[in-house]
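Take a look at the structure below.
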Amino acid sequence: MDQEDEQAPAAQPRTPSRRSTVLGLATVAGIAAVDVGGFLYVSGRLTPGKLTPARLADGFETTFGKHAGFRRNHAKGVSVSGHFTGNGAGSAVSTATVFESGRRSPVTGRFSLSGGVPDVADTATTVRGLGLRFSLPDGEQWRTAMINIPVFLDSTPRGFYDRMLAFKKVPATGKPDPAKAAAFLAGHPETVKAMKIVKKHPPTSGFADSTYHGLNAFHLTNSSGHMVPVRWSMVPVQQARPAAAKPPEDRDQLFNTLVTTVDAGSLRWRLMLTIGLPGDQLDDATVPWPDSRRQIDAGTLTLDNVQTEAEGNGRDVNFDPLVLPQGIEPSDDPLLSARSAVYAQSFARRSGEPAGTSAVNVSQVLDA
Ligand code: HEM
Numbered sequence: 001m002d003q004e005d006e007q008a009p010a011a012q013p014r015t016p017s018r019r020s021t022v023l024g025l026a027t028v029a030g031i032a033a034v035d036v037g038g039f040l041y042v043s044g045r046l047t048p049g050k051l052t053p054a055r056l057a058d059g060f061e062t063t064f065g066k067h068a069g070f071r072r073n074h075a076k077g078v079s080v081s082g083h084f085t086g087n088g089a090g091s092a093v094s095t096a097t098v099f100e101s102g103r104r105s106p107v108t109g110r111f112s113l114s115g116g117v118p119d120v121a122d123t124a125t126t127v128r129g130l131g132l133r134f135s136l137p138d139g140e141q142w143r144t145a146m147i148n149i150p151v152f153l154d155s156t157p158r159g160f161y162d163r164m165l166a167f168k169k170v171p172a173t174g175k176p177d178p179a180k181a182a183a184f185l186a187g188h189p190e191t192v193k194a195m196k197i198v199k200k201h202p203p204t205s206g207f208a209d210s211t212y213h214g215l216n217a218f219h220l221t222n223s224s225g226h227m228v229p230v231r232w233s234m235v236p237v238q239q240a241r242p243a244a245a246k247p248p249e250d251r252d253q254l255f256n257t258l259v260t261t262v263d264a265g266s267l268r269w270r271l272m273l274t275i276g277l278p279g280d281q282l283d284d285a286t287v288p289w290p291d292s293r294r295q296i297d298a299g300t301l302t303l304d305n306v307q308t309e310a311e312g313n314g315r316d317v318n319f320d321p322l323v324l325p326q327g328i329e330p331s332d333d334p335l336l337s338a339r340s341a342v343y344a345q346s347f348a349r350r351s352g353e354p355a356g357t358s359a360v361n362v363s364q365v366l367d368a
């Protein structure tokens, strides 16, 4: 796997459940302001040695260069839209309206490749991302950002940050410094284990036939007040094919194929809710849950429109994993609050800069 996968921020404990619901009603700019302010007050000034969202965002800029107007991670992407239709099965475990039988919720999304370089060449092994924002009644939203690997490589924000710097590519070789990478791995057995699991799940041919995993645990509460732990994934209805053995010839091949495939007809995924049992890891996304866990097929995601990133589409959404509707609550996984805070930091930086030009021009691809 390429090193440009998800890398590290700093976590501060919060009580995100109520806050998340409130944030669901807020504007994106409002979210940025709340998150950045809160985090700095709690950790930055009072504990100068600590990892803060700003230091994490700086870490991305050190590793990938500073690319004004772009996300500090998952910089290369296209925007999509469509809808999600619940089939009612999820209502057994959660009151979230998104799961109601027959409810059609509008979705804004974004496919991306991990790493902070906006015009990076597509490769099969670079981690693929899918961010989704479901618009629900009464101004509620559910936002989630998922990736195509079955476990995360780090259990803590510090691990993420240190791995990002340890695996930074050396300009002379285009590869990480072997000594730094080895030193990191020697101190992080959880990452070594997670990398072995990832190796056993080689990537599929492209964005359309990838399974996207939320990885972090959450809690669902049903109408009787019963709470269960959950992890979720989007499983493609499109048949999965192995990635091509040869590297793509075209810099944007994976994105171009996605664009032409969506243009030719809609793409669909099943939302699978995996219900945890006592003893399952709720605060460590490097550890998989047993395959025997109950799976609920909660409905179908349909994506039928793809656009070059532009004002007002997926480009301008902060896919903050703590923006949740009632019926879905965060777990104590330290990655969640860290992600929320550093996404806000990245959002605040990029929205204060002149907008970057997307490497993937959808109309050009379709006219070609
Ligand atoms: C501590 C760990 C992590 C850090 C520091 C981190 C950092 C970031 C940052 C800075 C962004 C850009 C946000 C923006 O400007 O809107 C981003 C985007 C993203 N991250 Fe993470 N991330 C982490 C963990 C994860 C995990 C566990 C997942 C998946 C389960 C994930 C999936 C994504 C995806 C799909 C995007 C792109 C979303 C979009 O299109 O806007 N990240 N990440």
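In terms of UniProt numbering, the sequence shown has 134 at position 134, counting the first letter as 1, and numbering is strictly consecutive. Quick reminder that beta carbons are idealized off the backbone N, C-alpha and C, glycines included. Please read all numbers here as calculations on a predicted model, not as lab measurements.
- If only uninterrupted alpha helix (DSSP H) runs of at least 4 residues are considered, none is enclosed by the stretch 270 to 345.
- Boundaries of the beta strand (DSSP E) around Phe84: 76 to 86.
- Comparing C-alpha distances from Thr62 to each of Leu165, Gly129, Ala359 shows the shortest one belongs to Leu165.
- C-alpha of Leu282 to C-alpha of Pro248: approximately 37 Å in a straight line.
- Residue side-chain check: Pro118 keeps its Cβ at 7 Å or more from all non-hydrogen atoms of the ligand HEM.
- Bounds of the beta strand (DSSP E) holding Gly131 are 128 to 135.
- Here Phe218 is bridged, per DSSP, to Val230, Pro330.
- Out of Val360, Pro325, Arg55, the CA that lies nearest to the CA of Thr260 is found in Val360.
- DSSP, read as helix, strand or coil, puts Pro189 in helix.
- Rounded to whole angstroms, Arg293 and Val228 show a C-alpha spacing of 12 Å.
- Taking 8 Å as the cut-off, the beta carbon of Arg251 is found no closer than this to the beta carbon of Gly69.
- Per the C-alpha coordinates, the member of Pro288, Ile275, Asp320, Thr173 positioned closest to Asp297 is Ile275.
- Here Pro176 is bridged, per DSSP, to Lys169.
- In this structure, DSSP gives Ile149 a state outside helix and strand, which the three-state scheme calls coil.
- For Gly59, the enclosing alpha helix (DSSP H) begins and ends at 53 to 64.
- In the DSSP assignment, the residues bridged to Val107 are Gly82, Phe134.
- Judged by beta-carbon spacing, Gly109 lies beyond the 8 Å limit of Phe99, meaning their Cβ atoms are not closer than that value.
- Distances from the alpha-carbon of Gly206 to those of Phe64, Lys200, Ser331, Thr126 put Thr126 closest.
- Pro157 carries a helical assignment under DSSP once its states are collapsed to helix, strand and coil.
- Shown here, Arg268 sits in a strand according to DSSP, grouped into three states.
- At least one heavy atom of the ligand HEM falls within 7 Å of the beta-carbon of Arg339.
- Inter-segment contact for the stretch 342 to 358 and the stretch 168 to 179 is absent: fewer than three beta-carbon pairs are separated by less than 8 Å.
- An exposed status is given to Asp263, since fewer than 16 other beta-carbon atoms sit within 10 Å of its beta-carbon.
- Assigned with DSSP and collapsed to three states, Ser351 falls in helix.
- With contacts defined by Cβ atoms closer than 8 Å, Leu254 and Asp122 form a contacting pair.
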